[in-house]
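Asks: This is the structure I have questions about; it appears just below.
Protein chains: 2
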Amino acid sequence: MNHFQPVALEHASRLVNHGPTVLVTSADGARRNVMAAAWSMPVEFTPPRIAVVIDKRTYTCELVAASGAFGVCLPGTALADLTYALGSTSGRTLDKFERYGIGASRGPVLGMPLLEAGCAAWLECRLIREPHAEDAYDTCFAEVVAAAADARIFAGGHWSFREDNADLQTIHHLGGGNFVRAGGTLRARQL
Amino acid sequence: MNHFQPVALEHASRLVNHGPTVLVTSADGARRNVMAAAWSMPVEFTPPRIAVVIDKRTYTCELVAASGAFGVCLPGTALADLTYALGSTSGRTLDKFERYGIGASRGPVLGMPLLEAGCAAWLECRLIREPHAEDAYDTCFAEVVAAAADARIFAGGHWSFREDNADLQTIHHLGGGNFVRAGGTLRARQL
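So the sequences go chain by chain: A and B. According to this note's numbering, the residues represented by the first sequence are 2 to 192, in order. According to this note's numbering, the residues represented by the second sequence are 2 to 192, in order.
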């Protein structure tokens, strides 16, 4: 059963307020990709805007530049291994969705691929072109145009981290595959 | 006993890689301030650079613009209440260091006030002037010029979250005074 429910746009920035490591999804025509990103933050609540660092050498950067859009998905603890894997491989030479058996839905506004199984939430984002910030700092600013969350951990505009939703709790990358979460430290295994 | 040790600059971005809520310190002449900021991220490892959202209406923004520098301190769980308080009051009308009995040392390069007691780490930062990003997104880019961490939780370039250093573990603001940390959810009390 899928527990995802829409999140009001005025609450969207709260989804990344606490600094989770995220998965950045992208697509341009038939090309698509998903990568891990530890570096993101909100920059505004209303309208909801975020900043994400996307290395300009990545396939993701190429697709985002082409489509002007990307998705941000928040993996839960159960996806720590997958997250590390998605941050350690390039989508130029393989379709990571197929390689890792990742199912994706289509974003309601921009058609970005979005992960729900094992994730706590997602945000669909429209790139705000800022050539200097992109060039100098690999920093992409974007406006959130749609968001949703698993109602078992985020509902009514608020997070609720509890013992019974530990698998959905967000993960925060320390480096080298080591994550912290509410509840302890996870060590990612190689997939 | 103070356990702070210098952190090599090539490891400085790791201090904020996992999205902790931070305290931004500032000073210009005799004026000084400290505020909480949930929105920050690294943007580069070498040279170590970060981005922090500082609302342009704040006293901190005024001091940072004047001095071209700021500090970033990582409060541990024991400082959750203080962190929430520092994010809910303005330094224009009171000296928050005095009001809350906060001791501060002087940064080695830029002389910024830096908190160590109860904190896991600090970074001393030189503002990189980016008028457009500051104006449009309240986003301040900066280069880290010095960093240090409590060796009980960060040493040799790596974090180590353990049961015996729970008080130093970083906190991550969900909103409204609710934080998550490795180990559970903290609810800040009003000071």
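C-beta atoms are modelled at their ideal positions from N, C-alpha and C, and glycine is treated no differently. Remember, predicted model here, so these are calculated numbers, not experimental data.
Which of the three DSSP states, helix, strand or coil, is assigned to A/T90?
Replies: Counted from its first residue, the first sequence places residue 90 of chain A at position 89. In the structure shown, A/T90 sits in coil (DSSP, three-state: anything other than H, G, I, E or B).
Asks: Listing by chain order, which chain A residues have their CB less than 8 Å from the CB of B/A52?
Replies: Taking the first residue of the second sequence as 1, we reach residue 52 of chain B at position 51. In chain order: M42, A52, Y138 and T140.
Asks: Is the Cβ-Cβ distance between A/V44 and A/I55 less than 9 Å?
Replies: On the first sequence, residue 44 of chain A is found 43 positions in, with the first residue counted as 1. On the first sequence, residue 55 of chain A is found 54 positions in, with the first residue counted as 1. Contact: no.
Asks: Are the C-beta of B/W160 and some C-beta of chain A separated by less than 9 Å?
Replies: Taking the first residue of the second sequence as position 1, residue 160 of chain B is located at position 159. Interface annotation, B/W160: in contact with chain A, CB-CB separation under 9 Å.
Asks: Output the boundary residues of the beta strand (DSSP E) element that contains A/S41.
Replies: On the first sequence, position 40 is the one that residue 41 of chain A refers to. Its beta strand (DSSP E) spans residues S41 to E45.
Asks: Is the CB-CB distance between B/A150 and B/A105 below 9 Å?
Replies: If you number the second sequence from 1, residue 150 of chain B lands on position 149. If you number the second sequence from 1, residue 105 of chain B lands on position 104. Contact flag unset, no.
Asks: Name the chain B residues that come within less than 9 Å of A/L80, Cβ to Cβ?
Replies: Start at 1 with the first residue of the first sequence, and residue 80 of chain A comes out as number 79. Residues of chain B passing the Cβ test: none, with the nearest at roughly 16 Å.
Asks: What residues match up with B/F5 in a beta bridge as DSSP calls it?
Replies: As a first step, residue 5 of chain B is located in the second sequence; it is residue number 4 there, counting from the start. Paired residues: B/D151.
Asks: Of all Cβ atoms in chain B, is any one closer than 9 Å to the Cβ of A/E45?
Replies: Taking the first sequence and counting its residues from 1, the one referred to as residue 45 of chain A is at position 44. Among the CB atoms of chain B, one or more fall inside 9 Å of the CB of A/E45.
Asks: To be precise: take each residue of the region 121-135 of chain B, compare its Cβ to all Cβ atoms of chain A, and keep it if any distance is under 8 Å. Which residues remain?
Replies: E131, H133 and A134
Asks: Assign B/A122 to one of three DSSP states: helix, strand, or coil.
Replies: Translated into the one-based positions of the second sequence, residue 122 of chain B becomes position 121. The answer is strand: DSSP assigns B/A122 an E or B state.
Asks: Could you pull the start and end residues of the alpha helix (DSSP H) that B/R58 belongs to?
Replies: As a position in the second sequence, residue 58 of chain B is number 57, starting the count at 1. Counting along the chain, B/R58 falls outside any alpha helix (DSSP H), and DSSP gives it neither H nor E.
Asks: Whose C-beta lies closer than 6 Å to the C-beta of B/R93 among residues of the same chain, with five residues either side of it excluded?
Replies: Counting from 1 along the second sequence, the entry for residue 93 of chain B is found at position 92. The beta carbon of B/R93 sits closer than 6 Å to the beta carbons of Y60 from its chain, once the five residues preceding and following it are set aside; these are given in chain order.
Asks: Identify the residues that DSSP records as bridge partners of A/S106: which are they?
Replies: Counting from 1 along the first sequence, the entry for residue 106 of chain A is found at position 105. According to DSSP, A/S106 bridges with A/L115.
Asks: Which stretch, first to last residue, makes up the beta strand (DSSP E) that contains B/F71?
Replies: Translated into positions along the second sequence, residue 71 of chain B becomes position 70. That run of the beta strand (DSSP E) goes A70 to P76.
Asks: Looking at chain B, is there any beta carbon in it that lies within less than 9 Å of the beta carbon of A/P21?
Replies: Residue 21 of chain A sits at position 20 when you count from the first residue of the first sequence. True, the Cβ-Cβ gap to chain B drops below 9 Å.
Asks: Looking at the strands, I want to know which residues DSSP matches up with B/N34.
Replies: Taking the second sequence and counting its residues from 1, one reaches residue 34 of chain B at position 33. Its beta-bridge partners are B/S27.
Asks: Determine the direct distance from the alpha carbon of A/D136 to that of B/H12, and round the result to whole angstroms.
Replies: Position 11 of the second sequence, counted from the first residue, corresponds to residue 12 of chain B. Position 135 of the first sequence, counted from the first residue, corresponds to residue 136 of chain A. Answer to the nearest angstrom: the Cα atoms are 23 Å apart.
Asks: Just reading off the beta strand (DSSP E) that B/R182 is part of, what are its end residues?
Replies: Residue 182 of chain B sits at position 181 when you count from the first residue of the second sequence. Looking at the DSSP string, the run of the beta strand (DSSP E) that includes B/R182 is N179 to R182.
Asks: At the 9 Å Cβ level, is B/R98 part of the contact set with chain A, yes or no?
Replies: What you label residue 98 of chain B is simply residue 97 of the second sequence in a count that begins at 1. Going by the sequence as given, residue 98 of chain B is Phe instead of Arg. Judged by the 9 Å Cβ criterion, B/F98 is not in contact with chain A.
Asks: For the beta strand (DSSP E) holding B/H133, just list the boundary residues, first then last.
Replies: Counted from its first residue, the second sequence places residue 133 of chain B at position 132. Looking at the DSSP string, B/H133 is not in any beta strand (DSSP E); the run it does join, the alpha helix (DSSP H), is P132 to Y138.
Asks: Which chain B residues are close to A/A39, counting only those with a beta carbon under 9 Å from its beta carbon?
Replies: In the first sequence, counting from the first residue as 1, residue 39 of chain A sits at position 38. Ordered by position in chain B, the residues that pass the 9 Å Cβ test against A/A39 are N18, H19, G20, M42 and P43.
Asks: Rounded to whole angstroms, what is the Cα-Cα separation between A/G196 and A/I129?
Replies: With chain A running from 2 to 192 in the structure shown, residue 196 of chain A is simply not present.
Asks: Count the other CB atoms within 10 Å of the CB of B/G72; is the residue buried (16 or more) or exposed (fewer)?
Replies: The residue labelled residue 72 of chain B in the question sits at position 71 within the second sequence. Label assigned to B/G72: buried.
Asks: Tell me the DSSP bridge mates of A/I172?
Replies: Taking the first residue of the first sequence as position 1, residue 172 of chain A is located at position 171. Beta-bridge pairing links A/I172 to no other residue.
Asks: Whole-angstrom Cβ separation of B/T171 and B/H4, contact assumed at under 8 Å?
Replies: For the purposes of this step, residue 171 of chain B is taken as the residue at position 170 of the second sequence. For the purposes of this step, residue 4 of chain B is taken as the residue at position 3 of the second sequence. Incorrect: roughly 16 Å between the Cβ atoms, too far for contact.
Asks: To which residues does DSSP link A/A156 through a beta bridge?
Replies: Reading the first sequence from its first residue, position 155 is the one you call residue 156 of chain A. The beta-bridge partner set that DSSP reports for A/A156 consists of A/H159.
Asks: What three-state label does DSSP hand A/L16 in the structure shown?
Replies: One-based indexing of the first sequence puts residue 16 of chain A at position 15. Correct three-state label for A/L16: helix.
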